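Q:
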Amino acid sequence: DLNYGTTTGRISFSYAKKMGGYRKSARYLVFGADAGVSQRKIDLTNARWPSQHDGNGGFDPTLDGGSTNVQDPDFLHGDLSAGLMFFNVMDEATNWYLGIALHHLNQPSVSFTGNQETLTGRLTAHAGGQFEINRDFSVLPGVIYMSQGQHKELNLGASARFNLGSRSDGQSWQLGGWYRIGNKVEGGIHSDAFILSTRFDYGNYGIGFSYDVTVSKLSQAGSANGAFEFSLNYLICGPEKRSVYCPRF
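Under this note's numbering, the first residue of the sequence shown is numbered 1154, with each subsequent residue one higher.
#1: With distances taken between CB atoms, is the gap from residue 1316 to residue 1288 smaller than 8 Å?
#2: Are there 16 or more other CB atoms within 10 angstroms of the CB of residue 1216, so buried, or fewer, so exposed?
#3: Could you spell out where the beta strand (DSSP E) holding residue 1303 opens and where it closes?
#4: Given that a residue counts as buried once 16 or more other Cβ atoms are within 10 Å of its Cβ, and exposed if not, what is residue 1290?
#5: Can you tell which of 1314, 1359, 1388, 1299 has its C-alpha closest to the C-alpha of residue 1256?
#6: Alpha carbon to alpha carbon, how far is residue 1312 from residue 1282? Give it in angstroms, no decimals.
#7: For the beta strand (DSSP E) that contains residue 1242, what are its first and last residues?
#8: Could you work out which residue in 1240, 1296, 1193 is closest to residue 1161 when comparing CA atoms only?
#9: For residue 1274, which residues in the same chain have their Cβ closer than 8 Å to its Cβ, ignoring the five residues on either side in sequence?
#10: So, at 8 Å on beta carbons, what are the nonlocal neighbours of residue 1164 in its own chain, with the 5 sequence-adjacent residues on each side left out?
#11: Can you give me the C-alpha to C-alpha distance between residue 1166 and residue 1348, rounded to a whole angstrom?
#12: Decide if residue 1231 is buried, meaning its Cβ has at least 16 other Cβ atoms within 10 Å, or exposed.
#13: Based on Cα-Cα distance, which residue from 1263, 1296, 1341 lies nearest to residue 1191?
#14: Tell me residue 1255's beta-bridge partners as DSSP assigns them.
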């Protein structure tokens, strides 16, 4: 057990500026930033080396072990990210957004050996919204793209929202699906997973469930064929008279 681990603490903030319109039909530009500190550590005290093999299927810790060029087994590094988003509130039931973010702007060194092995910057672009078909039914499409060095990933899909009461009480049920694709460094684009999701909202409260159905070769790594996720959320919109409207996504 080398006790390898990473511990991270972060703080995020955002500022929304109304570009035009009135409270429930307006355009907003939002700036966000994120800063944090991470600790990376490794303990080689219990490391086992090929030279310590006793020939009988075990290890003898009294034998000379290998050598490493680890110079700093416990270190801290900072991390900075920033993003920009535009969202357009057309009415209480229709809105759309478009955003972009840059992560690891400072590209910190994450090497235990002292070499300049930097954390590659990551680009995230996303878009989506809610579009009312009638008073009882809306469609919520979305897409998110991420790129970090040679690695790329695209998630796209949509949910159908069914209103279970009046707009004022916020009761609704969602059912949706997503498709995730990625790239192999040498093998090109490949399908990764299908994501099934459902969500129920009541007032400012929401509860959601989703399941990732892995379709790539990663499914061969274990008996399970995906991952189950559960979420709870609470929508904080602030005073009713404030100038920035709080849309539901």
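Just so you know, even glycine gets a beta-carbon here, dropped at the ideal spot from N, CA and C. Computed from a prediction, not measured in an experiment: that's the story for all the values here.
A: A quick look at the data gives this:
#1: yes
#2: exposed
#3: Looking at the DSSP string, residue 1303 is not in any beta strand (DSSP E), and its letter there is neither H nor E.
#4: exposed
#5: 1299
#6: 10 Å
#7: 1227-1244
#8: 1193
#9: 1255, 1256, 1257, 1258, 1260, 1301
#10: 1187, 1188, 1189
#11: 29 Å
#12: exposed
#13: 1263
#14: 1235, 1276
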